[in-house]
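Visitor:
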């Protein structure tokens with residue numbers, strides 16, 4: 013079976029002091045063996061929540077999974093897995109790299125301690141052996157003098173080194189799926205390039221799948237084969253990278269791409285998407301994007317659009333694509 | 043669905059969804075309302091304060107009415123809380139005690155607040171060497187066991203209500219000063235302060251419109267939590283014999299008198315002790331609730 | 019590291035000097051204070067005081083003299099007990115207080131930390147709520163009331179423990195409980211909230227993402243971070259136990275330094291009050307210094323950084 017992860021119809025709500033908030037709504041994502049997919053969207057659109065939901069890292073007391081959703085990991089539905097069963101999966105089969113390397117590392121434990129923990133836990137090897145493996149891992153992620161680094165504390169390393177250590181920790185047990193939650197957002201551009209290159213080379217060596225979450229379209233274009241575009245908790249468009257970037261079907265995707273500065277036409281004014289992301293407590297009726305869309309139609313304000321298939325795996329949820337509209341044209 | 047559904051909508055007709063503005067106060071208040079203990083604390087504080095203000099006005103005895111014939115009487119319809127060893131009505135004494143203890147708590151805390159805010163504010167605002175020197179002084183003073191020095195002050199100054207206000211007030215401002223200074227320092231670095239400065243807002247305006255409102259949360263919390271500390275310190279002093287002078291009585295004095303007669307007349311301890319404990323609890327619940335609600339760092343959901 | 023310790027020691031000396039100066043100033047600068055000639059003292063004591071304090075000399079000389087004596091650890095004669103010096107009395111009574119204090123310290127730390135851990139582990143369960151209620155009561159009910167309740171319950175209603183005096187191991191139980199109650203409650207609340215804070219941090223999420231189990235998360239990851247504020251609190255804890263001992267020793271009639279301090283206040287035995295205050299201050303400063311020395315061992319972030327008095 014080629015499919016590693018199949019998220020079907022996932023909706024997550026949170027209990028907050030203001031009431032119940034639905035963070036993601038009917039999200040469906042498929043990840044196959046060895047491929048890199050990207051999830052792109054603005055801050056707060058639910059990308060991180062999706063990844064955390066799969067790995068069951070959301071706070072237990074406040075997160076509610078919708079009853080009809082399925083998260084199929086290699087054919088098994090893991091929604092109802094207990095904490096113990098998830099612990100067996102986490103680190104070994106699926107793993108995550110987080111955004112902020114400073115806070116993601118425990119300040120009172122050495123780097124070596126933190127890497128070895130996963131190794132000892134999952135591979136059941138001795139601490140000595142684990143340290144040896146850890147050193148190899150640090151070298152593989154490009155950290156110089158790994159023997160020294162093993163015994164150092166996080167605050168003694170630079171931002172780039174910390175992020176590499178995090179990657180080493182995540183890959184310690186060679187997981188088959190890696191969630192990279194904005195792994196380079198906190199890094200400067202040169203370090204970012206190095207880390208991305210590292211991720212790609214490790215992926216080729218280990219044959220693992222990566223779910224790359226970012227709000228940076230450039231990073232997504234570079235690294236991913238397929239992309240999911242999310243807005244206000246929903247997947248609005250998905251497809252191969254070329255289709256999304258060359259022929260975007262959803263007005264939001266179009267707006268995102270149009271807002272990128274164009275170095276070839278320097279005198280073109282910068283275009284943004286008017287308005288703001290909606291407050292999830294006060295969502296508009298109908299399509300969630302209509303207040304900011306330039307092509308709003310009557311029906312957009314009343315009903316949420318279903319997902320339309322445009323062929324070759326390219327899908328978008330927009331009423332503009334409805335075949336009953338009469339004319340079907342690509343949006344320019 | 044028909045063709046009319048697909049008619050484009052004029053963008054100008056789309057009414058943006060109005061999100062009601064959320065100030066810190068409204069969020070804080072909403073969170074407070076959910077915190078039952080904090081509301082209970084607020085209720086207790088309000089009740090106790092009213093008792094302190096109005097209580098002694100509605101009783102028929104005064105706190106130094108002695109009636110030896112009725113000394114050490116058990117609670118009865120004549121004396122709801124009984125009497126003490128000199129025949130004074132205990133209910134009235136407890137009510138007056140409310141006045142004294144609460145006024146001590148409030149006065150000492152306010153003096154602490156005043157000194158602390160000014161000291162911390164200056165240190166934080168001026169910054170640089172002045173700040174460092176002022177904070178060295180605070181550090182030195184912080185290492186000194188303040189209670190000992192309050193005791194010393196009371197020994198030297200002779201016990202009395204005014205002296206208690208002063209002694210407590212000048213000893214415990216350190217914490218407030220540190221907090222205020224910390225707040226102002228971190229606020230100074232905030233981008234919106236720089237932004238305000240960059241379009242020419244005056245320093246006074248920045249202070250009053252931007253900084254002080256952001257400090258209010260921790261200041262209020264510290265104030266609320268320092269009131270029971272002051273009351274407790276006063277009780278401690280009374281126990282040692284350095285509290286208010288007879289016949290005036292704070293709850294501390296009443297309790298320590300009560301301990302002496304605990305075996306024979308337990309009610310003489312129970313009533314003032316209960317009043318003291320309930321009030322302290324009330325302030326603590328209120329202070330905890332305020333801290334959960336107002337401290338901006340605690341704005342994460344599900345954090346208790 | 020050595021430099022850091024030396025800086026702290028220098029700071030401690032400064033604090034001590036400030037303390038002695040303030041104490042001296044309080045005693046002398048107030049008109050009608052303890053060293054005025056109008057005080058009627060027994061001749062023996064008056065002579066000793068006269069000789070010792072050079073009351074006829076200028077204030078500056080007196081101050082210098084006092085400093086010299088204090089540096090030599092000589093705290094002067096007692097007003098109340100002719101023939102005995104303050105040092106004598108401290109030597110007699112302090113060991114008792116120290117014993118009670120240490121027992122209470124370990125009790126407060128042990129119970130506080132364990133209860134805090136239990137409450138955080140079973141957050142929002144009945145265990146948590148009942149512990150929090152106990153802790154809130156413990157923090158807001160003054161220690162003399164707790165002592166009174168303990169005596170009433172365990173010495174009279176169920177006479178299983180002695181109510182007062184200090185004659186053997188069973189005499190320690192009630193006083194230690196009364197003394198440790200408030201600090202233990204505070205430590206319990208502190209531990210609980212700092213564990214919960216630690217558990218909310220990102221590194222816990224990272225560890226969970228590696229598949230680390232809940233128990234290991236709590237003990238191996240969160241606890242080491244959560245205990246840092248508790249270690250910082252040991253200094254103020256010692257101070258609290260010290261001042262708490264005044265009350266507890268008085269109620270339980272324990273022949274310790276705390277009770278002696280209280281009776282000195284009652285007797286207006288000024289030299290004693292002065293001397294004991296300085297002794298206590300010295301103790302607390304030493305305790306803080308020790309904690310400052312220990313803290314870098316526990317928190318690796320501090321070792322290599324310069325700590326600026328915060």
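Protein chains in written order, with the working numbering: chain R, 13 to 344; chain C, 43 to 346; chain L, 19 to 328.
Even for Gly, the Cβ is constructed at its ideal location relative to N, Cα and C.
With a cut-off of 8 Å on the beta carbons, I'd call residue 23(R) and residue 36(R) a contact; round off their distance for me.
Guide: 6 Å between Cβ atoms; contact.
Visitor: Return no unless some Cβ of chain L is closer than 8 Å to the Cβ of residue 345(R).
Guide: Because chain R spans 13 through 344 in this model, residue 345(R) falls outside it and cannot be assessed.
Visitor: Using 8 Å as the Cβ pair cut-off and three pairs as the minimum, do the stretch 242-252 of chain L and the stretch 195-208 of chain R touch?
Guide: No, because fewer than three Cβ pairs between the stretch 242-252 of chain L and the stretch 195-208 of chain R fall closer than 8 Å, the two stretches do not touch.
Visitor: In three-state DSSP terms, what is residue 26(R)?
Guide: Note: residue 26(R) maps to strand in three-state DSSP.
Visitor: If you follow the beta strand (DSSP E) that residue 40(R) is in, where does it begin and where does it stop?
Guide: Start and end: 31-44.
Visitor: From what residue to what residue does the alpha helix (DSSP H) around residue 185(R) run?
Guide: Premise fails: residue 185(R) is in no alpha helix (DSSP H) and is neither H nor E.
Visitor: What in chain L is Cβ-close to residue 181(R), meaning under 8 Å?
Guide: Going along chain L in sequence order, the residues near residue 181(R) (Cβ under 8 Å) are 224 and 228.
Visitor: Are the C-beta of residue 105(L) and some C-beta of chain A separated by less than 8 Å?
Guide: The question asks about chain A, but that chain is absent: this structure's protein chains are R, C and L.
Visitor: Does the separation of the CB atoms of residue 286(R) and residue 304(R) fall below 8 Å?
Guide: Yes; because the gap between Cβ atoms is below 8 Å, this pair is in contact.
Visitor: With the cut-off set at 8 Å, would you say residue 165(R) and residue 122(R) are in Cβ contact?
Guide: Yes; because the gap between Cβ atoms is below 8 Å, this pair is in contact.
Visitor: Enumerate in chain order the residues of its own chain whose CB-to-CB distance from residue 177(R) is below 6 Å, with the five nearest sequence positions on each side excluded.
Guide: For residue 177(R), where only same-chain residues beyond five positions count, the Cβ hits under 6 Å are 123.
Visitor: Is the Cβ-Cβ distance between residue 211(R) and residue 222(R) less than 8 Å?
Guide: Their beta carbons are under 8 Å apart, which means residue 211(R) touches residue 222(R) by this criterion.
Visitor: Determine the direct distance from the alpha carbon of residue 231(R) to that of residue 54(R), and round the result to whole angstroms.
Guide: C-alpha separation (whole angstroms): 14 Å.
Visitor: What's the C-alpha gap between residue 328(C) and residue 262(R)?
Guide: Using only the alpha carbons, I get a separation of about 51 Å.
Visitor: With a cut-off of 8 Å, does the C-beta of residue 129(C) fall near any C-beta of chain L?
Guide: No, no contact with chain L.
Visitor: Check each candidate in 301(C), 312(C), 109(C) and 291(C) and name the one with the smallest Cα separation from residue 139(C).
Guide: When each option's Cα is compared against that of residue 139(C), the closest is 291(C).
Visitor: Is it right to say residue 126(C) is buried, meaning 16 or more other beta carbons lie within 10 angstroms of its own, or is it exposed?
Guide: Looking at its Cβ environment, which holds 16 or more other Cβ atoms inside 10 Å, residue 126(C) is buried.
Visitor: Anything in the stretch 99-114 of chain R with a Cβ closer than 8 Å to a Cβ of chain L? List those residues in chain order, please.
Guide: Residues 99, 100, 101, 102, 103, 104, 107, 108, 110 and 112.
Visitor: Let me check understanding here. Comparing Cα to Cα, which of 163(R), 102(R), 185(R) and 109(R) lies closest to residue 137(R)?
Guide: Out of 163(R), 102(R), 185(R) and 109(R), 185(R) has the C-alpha closest to the C-alpha of residue 137(R).
Visitor: Nearest-angstrom Cα distance between residue 377(L) and residue 193(L)?
Guide: Chain L is shown from 19 up to 328; residue 377(L) falls before or after that span and cannot be answered.
Visitor: Determine the DSSP secondary structure at residue 50(C), reduced to helix, strand or coil.
Guide: Three-state DSSP puts residue 50(C) in a strand.
Visitor: Please state whether DSSP places residue 73(R) in a helix, a strand or coil.
Guide: Here residue 73(R) sits in coil by DSSP.
Visitor: Which partner residues does residue 29(L) have in the DSSP bridge list?
Guide: In the DSSP output, where bridge partners are listed per residue, residue 29(L) has none listed.
Visitor: With 8 Å as the threshold, decide whether the Cβ of residue 158(L) is near any Cβ in chain C.
Guide: Residue 158(L) counts as touching chain C.
Visitor: Give the secondary structure of residue 51(L) by DSSP, where H, G and I count as helix, E and B as strand, and everything else as coil.
Guide: Because residue 51(L) sits at a pLDDT of 46, beneath the cut-off of 50, its placement in the model cannot be relied upon, and the point is left open.
Visitor: My output table needs one value for residue 251(R): the three-state DSSP class, helix, strand or coil.
Guide: Strand at residue 251(R).
Visitor: Considering only residues of the stretch 306-333 of chain R, which uninterrupted beta strand (DSSP E) runs meet the minimum length of 3 residues and lie entirely inside it, listed in chain order?
Guide: Taking only runs of at least 3 residues, no beta strand (DSSP E) segment lies wholly in the stretch 306-333 of chain R.
Visitor: In the DSSP assignment, what are the bridge partners of residue 108(C)?
Guide: Answer is none; residue 108(C) lacks a bridge partner.
Visitor: Give the range of the beta strand (DSSP E) segment to which residue 330(L) is assigned.
Guide: Absent from the structure is residue 330(L), since the part of chain L shown begins at 19 and ends at 328.
Visitor: Looking only at DSSP bridge pairs, what is residue 238(R) linked to?
Guide: Answer is 49(R) and 252(R), bridged to residue 238(R).
Visitor: Here's a check: name, in chain order, each residue in its chain whose Cβ is nearer than 6 Å to the Cβ of residue 312(R), leaving out the five neighbours to either side.
Guide: Excluding sequence neighbours, residue 312(R) sits near 298, 299, 302 and 331.
Visitor: Report the start-end ranges of each alpha helix (DSSP H) in the stretch 108-171 of chain C that is 4 residues or longer and not cut off at the edges.
Guide: Those alpha helix (DSSP H) runs which fall completely within the stretch 108-171 of chain C and span 4+ residues are 132-168.
Visitor: At the level of alpha carbons, what is the spacing between residue 193(C) and residue 144(C)?
Guide: Using only the alpha carbons, I get a separation of about 20 Å.
Visitor: Where do the N-terminal and C-terminal ends of the alpha helix (DSSP H) with residue 139(L) fall, by residue?
Guide: It spans 104-139 - the alpha helix (DSSP H) in which residue 139(L) sits, taken as one unbroken run.
Visitor: Using DSSP with H/G/I as helix, E/B as strand and the rest coil, what is residue 223(R)?
Guide: Looking at residue 223(R) - three-state DSSP - the assignment turns out to be strand.
Visitor: Counting only Cβ-Cβ distances shorter than 7 Å, please list the residues of the stretch 238-258 of chain L near chain R, keeping chain order.
Guide: Within the stretch 238-258 of chain L, the qualifying residues are 239, 242 and 243.
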